[in-house]
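In this text, residue positions in the sequence shown follow the working numbering: the first is 3, and each later residue adds one.
The beta-carbon is built from N, C-alpha and C at its ideal position, and this holds for glycine as well.
Some notes on the structure that comes next.
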Amino acid sequence: MSENKQWKPSAAQHAKLQRFEAWLLGYVQAVKDAGRSLDDEERAIRKGGDDSPFCIALHKEFGEEAEQHLADFFMFPVLHESIPNMRARADSVWNLASDVSDLLTEAVKKWGRDYTCHLALERLGHQLRHPADPTECAAPRWLDAERERIRAQYAEPMCGYRLAELKAALTRSFHPFLEPTPDTLGRLICEMQSSRAQLDALLDLMEHSCDTWVDEQFQQPPQVEHGECEGRMRTSEFFGLTDLAEELAQACARFGPLDSAWVQRLFKAEWPRGAQVVGACVRQEEDILKDFQPEALDWVYAHCAKPLAEAISALGQLADHWGVEYDYHTERSLSGIRFVVAGARLLAQMPSPPPTLGLVQDDADRPAARALKLICNVQPLSAAASAELVAELRQFTPEVLLQLLRHCRAQADEVLEAMGWGSAAPLYRFMRRCERADANAFFDVALLKEHLQRAGKSGELLLAWHKKYKHLKVTVHRIDAVQGVEDKKLAGMLGKLSQEHIRVWGMVPIRDDADLRERFQFFKGAGKQASKMYGSERTANVRDAAAAALVQLAHNAGFGDVTEMEWSLDASAYTAQDWTWQQDEYEVELSLARFQPQLKVVKAGKALKSLPPALKKDPGLAPLLAQLDLLKDQSKRYRVALENLMVSGRALAPEQLKELANLPMARHLLTTLYLQTPGGELGLLDDGLTQLRLLDAEGRLVDAPLAVEQPLTIAHVHSMLTTGRLIACQRHVVQSSLVQPFKQAFRECYVLTPAEREAHDLSRRFEGRRVKTSVLGAILSARGWRVDGSEGDCTAHKRLAPDLTVEVALPDVHHFLTEEEATVLGEIWLIRQGSRVPLEEAPAIGFSEAMRDLDLVITAGAADSDEHSAEVQQARVALVGALLPSLGLKNVRLEGHHAIIQGKRASYRLHLGTAVIHVIPAGYLCIVPADKASSKSVALPFVDDDQRTSEVLSKLLLLSADDKIKDPSILAQIEGRQAEAQAQD
Numbered sequence: 003m004s005e006n007k008q009w010k011p012s013a014a015q016h017a018k019l020q021r022f023e024a025w026l027l028g029y030v031q032a033v034k035d036a037g038r039s040l041d042d043e044e045r046a047i048r049k050g051g052d053d054s055p056f057c058i059a060l061h062k063e064f065g066e067e068a069e070q071h072l073a074d075f076f077m078f079p080v081l082h083e084s085i086p087n088m089r090a091r092a093d094s095v096w097n098l099a100s101d102v103s104d105l106l107t108e109a110v111k112k113w114g115r116d117y118t119c120h121l122a123l124e125r126l127g128h129q130l131r132h133p134a135d136p137t138e139c140a141a142p143r144w145l146d147a148e149r150e151r152i153r154a155q156y157a158e159p160m161c162g163y164r165l166a167e168l169k170a171a172l173t174r175s176f177h178p179f180l181e182p183t184p185d186t187l188g189r190l191i192c193e194m195q196s197s198r199a200q201l202d203a204l205l206d207l208m209e210h211s212c213d214t215w216v217d218e219q220f221q222q223p224p225q226v227e228h229g230e231c232e233g234r235m236r237t238s239e240f241f242g243l244t245d246l247a248e249e250l251a252q253a254c255a256r257f258g259p260l261d262s263a264w265v266q267r268l269f270k271a272e273w274p275r276g277a278q279v280v281g282a283c284v285r286q287e288e289d290i291l292k293d294f295q296p297e298a299l300d301w302v303y304a305h306c307a308k309p310l311a312e313a314i315s316a317l318g319q320l321a322d323h324w325g326v327e328y329d330y331h332t333e334r335s336l337s338g339i340r341f342v343v344a345g346a347r348l349l350a351q352m353p354s355p356p357p358t359l360g361l362v363q364d365d366a367d368r369p370a371a372r373a374l375k376l377i378c379n380v381q382p383l384s385a386a387a388s389a390e391l392v393a394e395l396r397q398f399t400p401e402v403l404l405q406l407l408r409h410c411r412a413q414a415d416e417v418l419e420a421m422g423w424g425s426a427a428p429l430y431r432f433m434r435r436c437e438r439a440d441a442n443a444f445f446d447v448a449l450l451k452e453h454l455q456r457a458g459k460s461g462e463l464l465l466a467w468h469k470k471y472k473h474l475k476v477t478v479h480r481i482d483a484v485q486g487v488e489d490k491k492l493a494g495m496l497g498k499l500s501q502e503h504i505r506v507w508g509m510v511p512i513r514d515d516a517d518l519r520e521r522f523q524f525f526k527g528a529g530k531q532a533s534k535m536y537g538s539e540r541t542a543n544v545r546d547a548a549a550a551a552l553v554q555l556a557h558n559a560g561f562g563d564v565t566e567m568e569w570s571l572d573a574s575a576y577t578a579q580d581w582t583w584q585q586d587e588y589e590v591e592l593s594l595a596r597f598q599p600q601l602k603v604v605k606a607g608k609a610l611k612s613l614p615p616a617l618k619k620d621p622g623l624a625p626l627l628a629q630l631d632l633l634k635d636q637s638k639r640y641r642v643a644l645e646n647l648m649v650s651g652r653a654l655a656p657e658q659l660k661e662l663a664n665l666p667m668a669r670h671l672l673t674t675l676y677l678q679t680p681g682g683e684l685g686l687l688d689d690g691l692t693q694l695r696l697l698d699a700e701g702r703l704v705d706a707p708l709a710v711e712q713p714l715t716i717a718h719v720h721s722m723l724t725t726g727r728l729i730a731c732q733r734h735v736v737q738s739s740l741v742q743p744f745k746q747a748f749r750e751c752y753v754l755t756p757a758e759r760e761a762h763d764l765s766r767r768f769e770g771r772r773v774k775t776s777v778l779g780a781i782l783s784a785r786g787w788r789v790d791g792s793e794g795d796c797t798a799h800k801r802l803a804p805d806l807t808v809e810v811a812l813p814d815v816h817h818f819l820t821e822e823e824a825t826v827l828g829e830i831w832l833i834r835q836g837s838r839v840p841l842e843e844a845p846a847i848g849f850s851e852a853m854r855d856l857d858l859v860i861t862a863g864a865a866d867s868d869e870h871s872a873e874v875q876q877a878r879v880a881l882v883g884a885l886l887p888s889l890g891l892k893n894v895r896l897e898g899h900h901a902i903i904q905g906k907r908a909s910y911r912l913h914l915g916t917a918v919i920h921v922i923p924a925g926y927l928c929i930v931p932a933d934k935a936s937s938k939s940v941a942l943p944f945v946d947d948d949q950r951t952s953e954v955l956s957k958l959l960l961l962s963a964d965d966k967i968k969d970p971s972i973l974a975q976i977e978g979r980q981a982e983a984q985a986q987d
């Protein structure tokens, strides 16, 4: 084919094209008749090559000229009479066009040789030199046949709709060419068995032979809708050919090692549209390019030496290609001090101060900000290189170095040393680290003060500069708070529940005990106040900020943790007083029962149900009523605090226990919990919290108490299980009728299953369980979980350790949690520093509690049915087994997860997980659970609300004495089931 302004085949090529199209139509029909698809044919080519059905049929039909027929048909799409092209985006033919295009592309890639590569280079060169060739861009002939088919098949108005859709088909193309387009041809040349000379020719097209430039005056054909460009651009760049530079390098490497000059040609060919090859050389990602790092670094540095505007534009584009984000941490790519010096040189040419010194305000600042971040942060330096950089930077003025510090994070120590502020380097690193940390992360005031003292005058100057340009604003504001600098906006922002001001108030120096108590009460009530002012998401954020502020306040006041501060404040405020009050014929007495304060009111020897309204206003009774309210508040707070202590494993020091002994509610709670010594022994505290009565292996308390002289922990069920003391504790709870403030001895325990160990870093324990979103949100929020993400990427997460988080996927949550009434739980995994880690790295107690949280959601909020896990059933079996002796039920035995009851009327099988009853040998027995008030016929050894366990025990008691059942509906069912069993016999 001669070179001209039209892409036309020779007569021989046209004949081959027509013959191939006729054969291809028949082959496509044969594939359809055989029940196969063209996708199957394509996969067979990719997998089997010469043995694929398409290859066998092609060579059988065309013999040695198979490649020429395939290539000619593929390269002249405008002459296709019947086979639609993928670039003609008509819905009626799209599937066939796409399938045929994929099949032929895979075939050309597999069998294309010298003829195909030569023809592809010819077509590609023509497309790049003549992007507006009327023949190349004309509508293909098959569209005329398709129009006639539509007119014959459809009546109006459907015919008009179909014709209009066909007319618009080509206007949906990104550029004027039918397939194969320039980028497709370039990729095929790289993937076919092209010669080295043909690959060099492709590079020549990318570099030199594309002399036609597209500009704003280029009038593109009417079928192009989205192919506009701004400014002047090479056609090879405009049509995406330069994006193939890295693939071209891979193809050329088949013929031996690449040479430096050829690789540098690639640098220029792909620029400015991309810099993949340069990036691969700099980062040494590809073996074939790893030896060309010096050339790549020189190429980047050459842009640094250009005039200011040109350098910023080029380096900004390069940073964009490499994914450098100014506001986020990015991997350092460049190496060598010359880049940092070049950054200082560019800053020296900018206005003073440059627009990028403060926070990037708009898109106009971003290229310069990205460019400076790219070149001012290089790979770690040796001691000699560091000293050399300091010497080089000293040639610049302090103003330039301050500007450089804004952008140079990796080499900030050298910049500060060049300014004479070297002593402030640790402080600056601390400030940077704090600015990047989570807002609620602990702000280490003690370390800050150490850095400030070491920095001296340099630290003062550094902070003053940051204040002036409002850089690292959050951290600087916190440092001001620690140093006692007054914030006039603090009171107003606290009234609005500003999250950052809440956190900062915990860092402000404490004036006195009254100030400490005021802040403590504010932080404790912030979440409740937020719920009255804002929605659920902001309320959760305020609650998290207040929790972080409490941690800061505790350390600020010299306490080890928030719980220690809370108990100390309560102990210091508590004054012993008489819990009885008497006036005239009234007697009022305050007492503690089941961890709640209660008032007993007696009038003239007769007990009253409630306090008369007249007495509520009596000033003499006010102190006792205030004590009542305090004990109610303490009951809730202390139960949560003690349960958290058990889960976290934090110890109670003897001094703390002595302090807590002065608080009636704390003493009341602690004496019902099993505490563990450092040696692993378990026991119960006495009323004074100074002695521990140890528990023996049989579940009995030994006579000789142990003086509390070492820290004690509240024993978790997992530690009871691993030390072999769980059965003894459960036996003692039941035999002594001990009631605990929360589940301890009978708490569900979760360990890794074999499937989870095999999956390594993923748990599907609760995957697919449907739960009510209202219950899910309430329980997870109360137990320290957060829900984040959207559009199918939503997760709930909880921190198990400072650097370890457990996450559960919520795949059906899109915008917000309660958007739908119910959702499903997904997979569970662990995250450390942004990456998944094996499940075995989770702390055993933390893992158990996280699984228990999710199981509680399922148990309480199952959307479809009564859900229960193996762990819940196991805990219930243990509880029922421990209670049976004390209940005196000799006609009940346990078999697995069932209780077998030998009644006088019949025998029953009660499932301990679901409370479902069957009459033995068969037959379901329906007994509707009693209301909540009457379900307390059996006292549970904990005060947690567990209605299902109460239901199980109530049915157990009912059926064990079935001769006393009076309910006619139940009796009728029992008699009916027995009659059915007899009839079957």
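CA-CA distance, Arg-911 to Ile-919, rounds to 6 angstroms.
Rounded to whole angstroms, the Cβ separation of Val-810 and Leu-832 is 11 angstroms, and the two are not in contact under 8 angstroms.
Burial is judged here by how many other beta carbons sit within 10 angstroms of a residue's own beta carbon; Glu-711 has fewer than 16 and is exposed. Annotation: the continuous alpha helix (DSSP H) that includes Arg-153 extends over 144-155. The criterion of a C-beta distance shorter than 8 angstroms is satisfied by Pro-943 and Val-736.
Within a 10 Å sphere around the beta-carbon of Pro-743 sit 16 or more other beta-carbons, which makes this residue buried.
Rounded to whole angstroms, Ala-393 and Arg-438 show a C-alpha spacing of 30 angstroms.
Beta-bridge analysis with DSSP links Ser-837 to Arg-834. Taking a 10 Å sphere around the C-beta of Phe-444, we find fewer than 16 other C-beta atoms and assign the residue as exposed. Excluding its 5 nearest sequence neighbours in each direction, Thr-820 has C-beta neighbours in its own chain below 7 angstroms: Thr-775, Ser-776 and Gly-779, listed in chain order. Each of Ser-888, Gly-622 and Ile-903 was checked against the Cα of Val-894, and the nearest Cα belongs to Ile-903. Residue Asp-795 holds the alpha-carbon nearest to the alpha-carbon of His-817 among Asp-795, Leu-827 and Gln-835. Leaving aside the five residues that flank Glu-587 on each side, the residues in its chain whose CB is nearer than 6 angstroms to its CB run, in chain order, Lys-605 and Ala-606. In the DSSP assignment, Gln-875 forms no beta bridge with any residue.
Thr-807 carries a strand assignment under DSSP once its states are collapsed to helix, strand and coil.
Within 10 angstroms of the beta-carbon of Gly-685 lie 16 or more other beta-carbons, which makes it buried. For Gly-338, the closest alpha carbon among the candidates Ala-14, Ala-412 and Cys-161 is that of Ala-412. In this structure, the beta-carbon distance from Pro-142 to Leu-98 does not fall below 8 angstroms.
DSSP links Phe-944 through a beta bridge to Gln-742.
By the Cβ criterion, the segment 17-36 is in contact with the segment 68-79, since at least three pairs of Cβ atoms, one from each stretch, lie closer than 8 angstroms. Between Val-380 and Leu-395, the gap from beta carbon to beta carbon reaches 8 angstroms or more. Ala-862 has its alpha-carbon roughly 57 angstroms from the corresponding atom of Leu-246.
Collapsing the DSSP output to three states places Tyr-471 in coil. Beta-bridge analysis with DSSP links Lys-774 to Ala-824.
The beta carbon of Gln-732 lies closer than 7 angstroms to those of Ala-747, Phe-748, Ala-880 and Ala-884 in the same chain, with the five residues before and after it left out. Between the segment 114-129 and the segment 50-67, the count of C-beta pairs closer than 8 angstroms stays below three; the two stretches do not touch. The beta-carbon separation of Leu-552 and Val-544, rounded to 13 angstroms, does not stay under the 8 angstroms limit for a contact. Relative to the Cα of Asp-964, the nearest Cα in the group Glu-953, Ser-952 and Glu-977 belongs to Glu-977. C-alpha of Ala-663 to C-alpha of Ala-730: approximately 27 angstroms in a straight line. With contact defined as three or more Cβ pairs closer than 8 angstroms, the segment 697-709 and the segment 839-857 are not in contact. Around the CB of Thr-237, 16 or more other CB atoms lie within 10 Å, so the residue is classed as buried. For Val-265, the CB contacts under 6 angstroms within the same chain, skipping 5 residues up- and downstream, are Phe-294 in chain order. The DSSP-derived three-state label of Thr-755 is coil. Nearest in C-alpha terms to Arg-334, of all of Ile-314, Gly-65 and Val-284, is Val-284.
According to the DSSP assignment, Val-603 belongs to no alpha helix (DSSP H) but to the beta strand (DSSP E) extending over 598-605. At the C-beta level, Ala-542 and Arg-788 come within 8 angstroms of one another.
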